[in-house]
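Notes to accompany the following structure.
2 protein chains.
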Amino acid sequence: MRVLIMGGDGYLGWPTAMDLADRGHDVCVIDNYLRRTIALQTRSEALMPQPDLTRRAEIFGSVFGKQVRVVIGDCASYATLQKVFEEFRPEAAVHYAEQPSAPYSMIGQDEARLTVTNNLNTTLNLAWAVMQHAPECRIIKLGTMGEYGTPNIDIEEGWIEIEHKGRKDTFLFPRQTGSLYHTTKIFDTDMLWFYVRTFGLAVTDLMQGPVYGLSTPQSDADQRLLPNFHYDDIFGTVVNRFLVQAVQGVPLTVYGKGGQVRGYLNINDTLQCIRLALENPADHGELRILNQFTETFSVTQLAERVQRVGEQMGLPVEIQRIENPRKEAEEHYYNPAHSGLLELGLEPHYLTDGVVASMLEQVLRHKDRIDEDKILPRVRWKT
Amino acid sequence: MRVLIMGGDGYLGWPTAMDLADRGHDVCVIDNYLRRTIALQTRSEALMPQPDLTRRAEIFGSVFGKQVRVVIGDCASYATLQKVFEEFRPEAAVHYAEQPSAPYSMIGQDEARLTVTNNLNTTLNLAWAVMQHAPECRIIKLGTMGEYGTPNIDIEEGWIEIEHKGRKDTFLFPRQTGSLYHTTKIFDTDMLWFYVRTFGLAVTDLMQGPVYGLSTPQSDADQRLLPNFHYDDIFGTVVNRFLVQAVQGVPLTVYGKGGQVRGYLNINDTLQCIRLALENPADHGELRILNQFTETFSVTQLAERVQRVGEQMGLPVEIQRIENPRKEAEEHYYNPAHSGLLELGLEPHYLTDGVVASMLEQVLRHKDRIDEDKILPRVRWKT
Chain A
1 MRVLIMGGDG YLGWPTAMDL ADRGHDVCVI DNYLRRTIAL QTRSEALMPQ PDLTRRAEIF
61 GSVFGKQVRV VIGDCASYAT LQKVFEEFRP EAAVHYAEQP SAPYSMIGQD EARLTVTNNL
121 NTTLNLAWAV MQHAPECRII KLGTMGEYGT PNIDIEEGWI EIEHKGRKDT FLFPRQTGSL
181 YHTTKIFDTD MLWFYVRTFG LAVTDLMQGP VYGLSTPQSD ADQRLLPNFH YDDIFGTVVN
241 RFLVQAVQGV PLTVYGKGGQ VRGYLNINDT LQCIRLALEN PADHGELRIL NQFTETFSVT
301 QLAERVQRVG EQMGLPVEIQ RIENPRKEAE EHYYNPAHSG LLELGLEPHY LTDGVVASML
361 EQVLRHKDRI DEDKILPRVR WKT
Chain R
1001 MRVLIMGGDG YLGWPTAMDL ADRGHDVCVI DNYLRRTIAL QTRSEALMPQ PDLTRRAEIF
1061 GSVFGKQVRV VIGDCASYAT LQKVFEEFRP EAAVHYAEQP SAPYSMIGQD EARLTVTNNL
1121 NTTLNLAWAV MQHAPECRII KLGTMGEYGT PNIDIEEGWI EIEHKGRKDT FLFPRQTGSL
1181 YHTTKIFDTD MLWFYVRTFG LAVTDLMQGP VYGLSTPQSD ADQRLLPNFH YDDIFGTVVN
1241 RFLVQAVQGV PLTVYGKGGQ VRGYLNINDT LQCIRLALEN PADHGELRIL NQFTETFSVT
1301 QLAERVQRVG EQMGLPVEIQ RIENPRKEAE EHYYNPAHSG LLELGLEPHY LTDGVVASML
1361 EQVLRHKDRI DEDKILPRVR WKT
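For the record, the sequence lines run as chains A and R.
Position 305, counted from 1, in the first sequence is what our numbering calls 305; the numbers after and before it change by one each time, with no gaps.
Here our numbering runs 1000 ahead of the position in the second sequence, where the first position is 1.
Below, the structure is given as structure tokens:
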């Protein structure tokens, strides 16, 4: 199957490309290094060195004997994306090509504009490229569990039937987010849903929780193929920050009360989910929404988990509550459904002590590269 | 009160500017003639001649002795909008600065992109200009009843309490539209709601139905101050098309079954609603949503109304059903709430036979300017 990975240089884009190419798919990646550029501008570079995409493809080719096509280009340019569609004629497109940082989208007007313009245009261009050049192409779009926010009712998988004053209808589940970035992800979903119901696109929207993990079969074979590991306040996840703080011997910084619950998953489960979505495609005219996570933790639970495993490894780990730089509920109801991917066959890898230990070991090997200035919050939800 | 009208050259922008200036407010309009440019490009010019904005302000000044400040500039440029905020320091901003045509947004990729980019950036820039330069400034944003679409449940005014599996929460009313343009209006609402709840903006979102009417106290005083009257398939409303078809002696073209019900209002009621929103501002941290229409009609009912009045005036009027160029429900449930503005004091002007007759008379005076090529659908909801 010819699969186009938009945003193929990213934390998930590159591992997805390797996973699918390794399984015999014909894979093309496109990326304009937007994340690397922003990381450089905001002093938020990843912990481990990252060969550029062309070099990564060369290394992957030499180790696995499989080719990944590389296009360096901007998916927010329709001319660029059209050219790729005309030449590669993808049968499926996996859309990761977004400015992915919530804190970045909250820095200022320029960053807000970049986030809105980039994320809306990459999605709009994808819809049009499919309609004009590859009408059979299946779209797999990465959404985020953050679109739902933390409502006081159970979160369903994308859709909800509402009974109101004696009548009923089914709607997209109401969504209300905690950052402008997450708000652009709502726009993505609404825009694709418009083109799905109007022109019959076939879209799977994977509402993903925060992903952790550095180890995939491909990166285990050659460390130069490691996924990007960001631990900074802009691109880093809370899991990565805690791992680096534990290794560095500084306190794990919990934002506010630490009762923020989210659904997490292992990077290998993301790869499984993408495969399941490819192998079980949505129908034309269908927007299928799947909630993509395997277990939920509060921030405090994560901190305590990293503390316990770190101490077993001889690392002295403290936990410290700091003022929350974000505006968000620090204690809330959270009960999101996530049966769709399990029904498709997902076999979860959970966040065991062993998984935490192996991530800590990987970070320990790069301890000399940790820059403490990158860890604490530099962006606040203020004007 | 210093009031900034963004999109001050539009069908509603200019009458709003005159109405507020006439009542003693200090009014500044900004517009980059985007609608005029698109109208020229798509051969969709208005029926009556439209002096440019500077000339309109001169005419208005000479007739009413009041000044309207004019800025020719693009609200989608943050530098431009910032400069206006710094110099004029508005206490309220009325946001009409959007690409307003649903058919235009459906022409092709370029038009889709322009609609998304313009409409999202004008709204984003407004939020930021207020946050950075005029934190007390009240925002009045024109939404559209089209954001709600035609759900099978009663439409509330912006918000709905959902009870689900024994728990409750309040959300923005679910919205699902019939065009990309309308979808960008959903984005506007979601984006402003994000900045309202995160940074305390004070926003009134007026979900307006199609507006009709050419007569306001200011345009009655001098015909050069008439609102723009578009009767084409791109910018024209169904009411305007029917009026022109009746005058021209060609059949009124009903799209499909004609059972599409919408909420309509007179342009003088739009002016009242803007005043009511200005005089009764939303609180900081509040997104107040008001459904802005006074009565509902199906397309067939409108056609029959124009036919009846036209025949009373000696115009032979036929009604003809044609293939619907849009994808939309042609028969549907429709019961939208609209009590909020009535409670604030709105005194509706209804679409009486007299009002229809006076609009027909105004169009008759310009019959020689009608271009029949502009009336029938040129844009179809197809790729």
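Positions of the beta carbon are idealized from the N, C-alpha and C atoms, including for glycine.
Predicted model only: the values in this text are computed from it and were never measured.
Pick from the options: whose alpha carbon is nearest that of residue i?
{"i": "Y195 of chain A", "options": "R:G1263, R:H1182, R:W1193", "result": "R:H1182"}
{"i": "Q208 of chain A", "options": "A:N118, A:R197, A:L192, A:L271", "result": "A:L271"}
{"i": "S1077 of chain R", "options": "R:S1105, R:V1211, R:W1128", "result": "R:W1128"}
{"i": "I72 of chain A", "options": "A:E157, A:D31, A:G7, A:D110", "result": "A:D31"}
{"i": "Y212 of chain A", "options": "A:T117, A:R380, A:Y350", "result": "A:Y350"}
{"i": "L290 of chain A", "options": "A:L341, A:E161, A:L360", "result": "A:L341"}
{"i": "Q1109 of chain R", "options": "A:M18, A:Q132, A:A329", "result": "A:Q132"}
{"i": "R197 of chain A", "options": "A:E286, A:H95, A:V68, A:Q312", "result": "A:E286"}
{"i": "I274 of chain A", "options": "A:T117, A:L34, A:G143, A:I107", "result": "A:G143"}
{"i": "S1298 of chain R", "options": "R:N1335, R:L1278, R:G1258, R:K1327", "result": "R:G1258"}
{"i": "G1178 of chain R", "options": "R:A1017, R:M1145, R:P1377", "result": "R:M1145"}
{"i": "M946 of chain R", "options": "R:Y1011, R:T1042, R:E1086, R:P1217", "result": "This structure leaves residue 946 of chain R out entirely; chain R is present only between 1001 and 1383."}
{"i": "I153 of chain A", "options": "R:E1156, R:T1216, R:E1147, R:H1164", "result": "R:H1164"}
{"i": "V1003 of chain R", "options": "R:F1088, R:L1344, R:S1339", "result": "R:F1088"}
{"i": "D205 of chain A", "options": "A:A277, A:E91, A:Q301", "result": "A:A277"}
{"i": "L172 of chain A", "options": "A:M191, A:L180, A:G166", "result": "A:M191"}
For residue i, which residues in the same chain have their Cβ closer than 6 Å to its Cβ, ignoring the five residues on either side in sequence?
{"i": "D232 of chain A", "result": "S44, K374"}
{"i": "A1385 of chain R", "result": "Lying before the first or after the last residue shown, residue 1385 of chain R is absent from chain R, which here runs from 1001 to 1383."}
{"i": "H1284 of chain R", "result": "G1200, A1202"}
{"i": "R1036 of chain R", "result": "none"}
Quick one: what does DSSP say residue i is sitting in, helix, strand or coil?
{"i": "E323 of chain A", "result": "coil"}
{"i": "M1313 of chain R", "result": "coil"}
{"i": "N266 of chain A", "result": "strand"}
{"i": "I139 of chain A", "result": "strand"}
{"i": "S1179 of chain R", "result": "coil"}
{"i": "S1298 of chain R", "result": "strand"}
{"i": "F171 of chain A", "result": "strand"}
{"i": "E1111 of chain R", "result": "helix"}
{"i": "V130 of chain A", "result": "helix"}
{"i": "M191 of chain A", "result": "helix"}
{"i": "A1202 of chain R", "result": "strand"}
{"i": "P1336 of chain R", "result": "strand"}
{"i": "M145 of chain A", "result": "helix"}
{"i": "Y361 of chain A", "result": "In the sequence on display, residue 361 of chain A carries Glu and not Tyr. In the structure shown, E361 of chain A sits in a helix (DSSP, three-state: H, G or I)."}
{"i": "T122 of chain A", "result": "helix"}
{"i": "R197 of chain A", "result": "helix"}
{"i": "W14 of chain A", "result": "helix"}
{"i": "E1098 of chain R", "result": "coil"}
{"i": "L1004 of chain R", "result": "strand"}
{"i": "V1250 of chain R", "result": "coil"}
Enumerate in chain order the residues of its own chain whose CB-to-CB distance from residue i is below 8 Å, with the five nearest sequence positions on each side excluded.
{"i": "P1151 of chain R", "result": "P1174, Q1176, Y1333"}
{"i": "A1021 of chain R", "result": "V1027, F1060, F1064, K1066, Q1067, V1068"}
{"i": "T1170 of chain R", "result": "W1159, I1160, E1161, I1162"}
{"i": "P1051 of chain R", "result": "I1059, R1224"}
{"i": "E111 of chain A", "result": "Y104, S105"}
For residue i, which residues from the same chain have a beta carbon less than 7 Å from its beta carbon, with the 5 sequence-adjacent residues on both sides left out?
{"i": "D1074 of chain R", "result": "N1032, T1080"}
{"i": "R396 of chain A", "result": "Since the first residue of chain A shown is 1 and the last is 383, residue 396 of chain A is not available in this structure."}
{"i": "I107 of chain A", "result": "V379"}
{"i": "F85 of chain A", "result": "A129, H133, A134"}
Counting only Cβ pairs nearer than 7 Å, list the residues of chain B close to residue i.
{"i": "L172 of chain A", "result": "Protein chains in the displayed structure are A and R, and chain B is not among them."}
Decide if the region 312-327 of chain A is in contact with the region 130-147 of chain A; the criterion is three or more beta carbon pairs, one per stretch, under 8 Å apart. no
To be precise: take each residue of the region 112-130 of chain A, compare its Cβ to all Cβ atoms of chain R, and keep it if any distance is under 7 Å. Which residues remain? A112, R113, V116, T117, L120, N121, L124, W128
Which of the residues in the region 129-156 of chain A, read from start to end, lie with their CB under 7 Å from any CB of chain R? M131, Q132, P151, N152, I153, D154
Would you be able to state if there are at least three C-beta pairs under 8 Å between the region 1292-1307 of chain R and the region 1256-1272 of chain R? yes
Any 3 or more C-beta pairs closer than 8 Å across the region 1097-1109 of chain R and the region 1049-1066 of chain R: no
So does the region 235-252 of chain A actually touch the region 359-367 of chain A, counting three or more Cβ pairs closer than 8 Å? yes
Can you give me, in chain order, the residues of the region 73-94 of chain A that have a beta carbon less than 8 Å from any beta carbon in chain R? Y78
Of all the residues that make up the region 182-202 of chain A, which are near chain R by a beta-carbon distance shorter than 7 Å? T183, I186, F187, D190, M191, F194, T198, F199
Members of the region 1273-1290 of chain R that neighbour chain A once the beta carbon cut-off is set at 9 Å: none
Residues from the region 1370-1382 of chain R in contact with chain A, defined by Cβ distance under 9 Å: W1381, K1382
Scan the region 2-27 of chain A for residues whose Cβ lies nearer than 7 Å to a Cβ of chain R and list them as they occur along the chain. none
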